[in-house]
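A.B. asks:
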Amino acid sequence: MFSCYVFWAAISLSGFLTDFHVFGCDDYCTDKPVFNPPRLAVKFGTSASAKCSVCQHACHNKLFGLEKSVGKIQRDGTTILWTVDKMVVYPSFVMCYYNNGNGSQCCSTLPITVYQPPTEVDLGFVGHSGPMVEGQQFVLYCSVKKVAPLKNLILTLYQGENAVARRHFKNNTEEKPADRQFNNVINATKENDGAQYMCHAQLDMRPDSVLYIAQSGRLIVDVHYKPHFNGPAEEQISLTVGDPLHLNCSAKGNPRPWVTWTLPSAATFDGDVFSVDSVTTEHRGLYICSMSNKLGMTTVEFNVDVQVNYLNIIFAVVAAAVALGVLIISAVCVYYYRVSRTGQYSLKDVLRFRTPHVALPAGEL
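Residue numbers (this note's numbering): 10 to 374.
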């Protein structure tokens, strides 16, 4: 009977001390319990341990102990070892104490952070699918699932290598794993066509642990926009007869535009580049390039002027006259040279076999 009374008295005393630990803790006592390490960051599902040196001398022959929400303890004098094989409790509570004899208790609490690194990160559009259209606004969401604690979470939205938006949940007090998302508005422009977006989730547990980083897949945006001329426009082009003509109407648009030329002769030509190897005055006039897709049409005009170079004609005539004069003079010189070299003769005299005789008067014999 007496043993039963002792048993129930011990239970009652234990309950009283437990309540007393919570409500009667003296945080300013001089010889406080000391934890080693002084704080813990434990990944959910892993093991953890810490030692409590209850006191240096003030707790001898006094009631002391360690309260916990999970795990087990092992005593060695005034040192208590707390261990947990698998941390699965959010949050976890460990307090080391001793009764200081004046109706209160001297105690210390081990700060424990149970964290869950990000693993599921997602990125996408809110209420939209398919290509975007230039001039409209769209909302991108960046989300992460089952992360703790949220105060250490940072979500960052990247366009290429540049961070365009960031959300830090440092004021959130939620300690259990939770899902979070933030949205960011982007403007659809032709410059954004083909841009790559990515969502990064960071759980920064430093200095007690490490920095955990997870990221979503890449999202490549498709922006549709009307064609525009992708080059400098030469409104006035001056050429000379015989020069080559190359008109480039390189168009950029999404979907890919088709290009049609309207020539001065009212004829049409399909293609980005219109070329003539050697122009004449007939190629003079206005060339109109039309770039079209389903979102609209853009036109560019080229005014081509072809001039005749009369100076070149004069030079050609003079050169031809000089050449003709040189040819005539050369022919005359050759003719007179041949005459002076061979002499003048009669072919009929050359072919005679004897010298002709001339009759003399009789008195001269």
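Glycine included, every Cβ here is placed at the ideal spot set by N, Cα and C.
1. Name the two residues that bound the continuous beta strand (DSSP E) containing Phe84.
2. Just the Cα atoms here: how many angstroms apart are Gln245 and Pro273?
3. What are the start and end residues of the beta strand (DSSP E) that includes His233?
4. Under 8 Å: do the stretch 94-102 and the stretch 131-144 share three or more Cβ pairs, one atom per stretch?
5. Among residues of its own chain, excluding the 5 on either side of Phe32, which ones have a beta-carbon nearer than 7 Å to its beta-carbon?
6. Using 8 Å as the threshold, is the C-beta distance between Asp188 and Lys160 below it?
7. Since Thr122 contacts Ala57 with CB under 8 Å, what's their CB separation in whole angstroms?
8. Within the same chain, show all residues whose beta-carbon is closer than 8 Å to that of Arg293, passing over the 5 residues directly before and after it, in chain order.
9. Select from Ile229, Thr289, Met207, Pro127 the residue whose C-alpha is nearest the C-alpha of Leu220.
10. Can you tell me the Cβ-Cβ gap for Asp82 and Leu75, rounded? I've got them flagged as a contact below 8 Å.
11. What do you get for Leu295, buried or exposed, if any count of 16 or more other CB atoms within 10 angstroms of its CB means buried?
12. Check Asn111 in the structure and name its three-state DSSP category.
13. Output the distance between the C-alpha atoms of Gly169 and Thr290, rounded to the nearest integer angstrom.
14. Roughly how many angstroms separate the alpha carbons of Phe283 and Ser301, rounded to a whole number?
15. Give the DSSP-derived three-state secondary structure of Lys160 in the structure shown.
16. Below 8 Å between beta carbons: does that hold for Leu254 and Val232?
17. Can the beta-carbon of Asp40 be found less than 8 Å from the beta-carbon of Cys105?
18. Which same chain residues end up closer than 6 Å to Leu132 when comparing Cβ atoms and leaving out the 5 residues on each side of it in sequence?
C.D. replies: Working from what's here:
1. Here the sequence assigns Arg to residue 84, which means Phe is not the residue at that position. Residues 81-85.
2. Rounded to the nearest whole angstrom, the C-alpha separation of Gln245 and Pro273 is 14 Å.
3. Note, His233: beta strand (DSSP E), 232-238.
4. The stretch 94-102 is not in contact with the stretch 131-144.
5. Low confidence applies here, because Phe32 scores a pLDDT of 45, under 50, leaving its location unreliable and the question unanswered by this model.
6. No, they are not a contact pair.
7. Not a contact, Cβ separation roughly 11 Å.
8. Closer than 8 Å at Cβ, skipping near neighbours: Pro273, Val313, Asp314, Val315.
9. Per the Cα distances, Pro127.
10. Just to set this straight, residue 82 is Ile in the shown sequence, not Asp. Separation of the CB atoms of Ile82 and Leu75 is rounded to 5 Å, and the pair is thereby assigned contact status at 8 Å.
11. It is exposed - the Cβ of Leu295 has fewer than 16 other Cβ atoms within 10 Å.
12. Here Asn111 carries a coil assignment [DSSP, helix/strand/coil].
13. If I take the Cα positions, the gap works out to 52 Å.
14. In a straight line, the C-alpha of Phe283 is about 17 Å away from that of Ser301.
15. The answer is helix: DSSP assigns Lys160 an H, G or I state.
16. Not closer than 8 Å, so no.
17. The answer is no: Cβ separation not under 8 Å.
18. Closer than 6 Å at the Cβ level, and outside the excluded window around Leu132, lie Cys151, Cys208, Ser225, Leu228.
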